[in-house]
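Read the structure below first, then the notes.
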Amino acid sequence: MLQSKLSNFVRKEFPKDEEAYNAQILIRAGFIDKLMAGVYSYLPLGLKVIKKIEKIVRQRMDEVGAQELLMPVLHPKENWQKTGRWENLDVLFKVKAQEDKEYALGPTHEEIIVPLAQKTIFSYKDLPFGLYQIQTKLRNEPRAKSGILRGREFIMKDLYSFHTNEASLDEYYQMVEKAYAKIFSDFGIGDITVKTYSSGGSFSKYSHEFQTILENGEDTIYVCQKCKVAVNKEIIEEQKSCPVCRSTNLEEKKASETANIFKLMTKYSDPFQLSFKDSNGENKNVIMGCYGMGISRIMGILAEIFHDDKGLIWPKSVAPFGVHLIALHSKDEKSNQDVLKLAQKVYNELNQMGVETLYDDRVDKSPGEKFAESDLIGIPIRLVVSQKTHGKIEFKLRNSQNTDIIDFSDLTKYVKSE
RNA sequence: CGGGCUGUCGUAUACCGGUAGUACGCAUGCUUUGGGAGCAUGUUGACUGGGUUCAAUUCCCAGCAGCCCGACCA
């Protein structure tokens, strides 16, 4: 992509109406824009990151055999009344339409997927299976805060699984847990994201959260130094030791919840009478699990973790581009032509290799500004072509100070090895 | 939902009970090109509504908005 054609939302200053670092840097670097408290637009660069995150999540969900679907945002009131959450869920957005008709805006989708699932579940032979979606959720948070970490509108992946019995649910649950671990290591936060025991609700002792250790995190957790498992502060009074190894050597940490998995059992299949015929021909209610993951929130968490004082440092897996190619113009017409010719050649080569490249071809920007913006945006590999590279290419990683001068013929080798 | 702080060009800020200034941006021109370039010219602003006052962007009140703390957070 030519940077001269990219809508430029980069700012020289941090916004004054944000305190959370993730919002400050993502706004300044042109990834998001705030519409109002807790509601943000994803700008071209930010949307690229979101799509990369989604791609990884989809791939891992497909690996566990879950199928993607997309449910509506606009929900009938009756479904929410059926589970009692029309009255009891205080974050539920309710909208009035003409003739006093009322709707809910989806904060989560149990009320929709359960009646939907009934249309495909008849026999125990139809189970188990999982359905998921990646969708914008709406929650009327009493207090939006921390930039995109707690918004009123956000993107979430929600998976629901359906089973004949709890053993089947357990098996699926563990499978998803493993998939989540892979996802977090894909994002580069595998080693700081811990499975956390949290309060369980009516049918199980615990639910499980995946908490990413983060100084600005909103949650407090107690991490077992041996097992890399944690206990949420919510339940620390009743669970003072590691649930796995019983160690009481727990370290207090601030963390941010990236994902959450939960055994619903029959909590939602009961009100909707979601049932199947077992092998004896008896009707039984379906056992369910749900598995959430905050897609847009993860972008914020990654921004909180991967940066320095100059800007963002995206992990390769979610970076908006693989390479930032910068051409520096010079006043000498001949060498200027040479520089542009080489830069174009590099750009073409990278495109052919299938490496997504942002090519800073802008003629009216000074070198300093190009470098500053490049650091701000945080693309993993920076290539510079200028009069000073003398027909060669400067290669620099965003997370390193070192620069190498390389020949065009070594381009593939260098870019691929990173 | 309780408490606190804050609302000034597009952005970041300054001053002020009486003419609102600066930087960046943007526009035009010339120069410049390895770490957010220089000069010249031009361009844009006091959240809304009341009150006090001869006079309010400034002081007071209310509303609205943003941020922070708390409560809340399948």
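In my numbering, the protein residues as written are 12 to 429. Idealized CB from N, CA, C, for every residue including glycine.
Inclusion of P282 and T94 in the CB contact set at 8 Å is warranted, their separation being smaller than that value.
Look at L394 here: in three-state DSSP terms it is strand. Of the candidates R39, M167 and S134, M167 places its Cα closest to the Cα of N271.
Using a 10 angstroms sphere on the CB of M304, the tally of other CB atoms reaches 16 or more, which defines it as buried.
The closest CA to that of Y279, considering only N90, E79 and H318, is found on N90.
Look at G162 here: in three-state DSSP terms it is coil, with no helix or strand label. Taken in chain order, the complete beta strand (DSSP E) segments of 3 residues or longer contained in the stretch 293 to 370 are 294 to 296, 298 to 305 and 334 to 338. When A190, I316 and N243 are compared, the shortest CA-CA separation from Y32 is found for I316. Annotation for P153: no alpha helix (DSSP H) segment contains it, and DSSP assigns it neither H nor E. Annotation: the continuous beta strand (DSSP E) that includes A270 extends over L261 to M276. For the pair of segments examined, the stretch 227 to 244 was found to touch the stretch 202 to 219: the number of CB pairs separated by less than 8 Å reaches three. For P26, there is no enclosing beta strand (DSSP E), as DSSP marks it with neither H nor E.
With a contact defined as Cβ atoms closer than 8 Å, A77 and G141 qualify at about 4 Å.
Taking a contact to require three or more Cβ pairs closer than 8 Å, the stretch 13 to 33 and the stretch 130 to 148 do not qualify as touching. Sequence-distant partners of H318 (beyond 5 residues in either direction) whose C-beta falls short of 8 Å from its own C-beta, in its chain, are Y32, I36, I324 and G389.
Burial state of R150 is buried, judged by a 10 Å Cβ sphere holding 16 or more other Cβ atoms. In the three-state DSSP reduction, P378 falls in the helix class (H, G or I).
Under the 10 Å beta carbon count, E121 is surrounded by 16 or more other beta carbons and is classified as buried. Note: I404 is bridge-paired with I417 in the DSSP secondary-structure output.
Pairwise C-beta distances place the stretch 320 to 340 in contact with the stretch 352 to 366, as three or more of them are shorter than 8 Å. Proximity of the stretch 285 to 298 to the stretch 242 to 256 falls short of the contact definition, fewer than three beta-carbon pairs being nearer than 8 Å.
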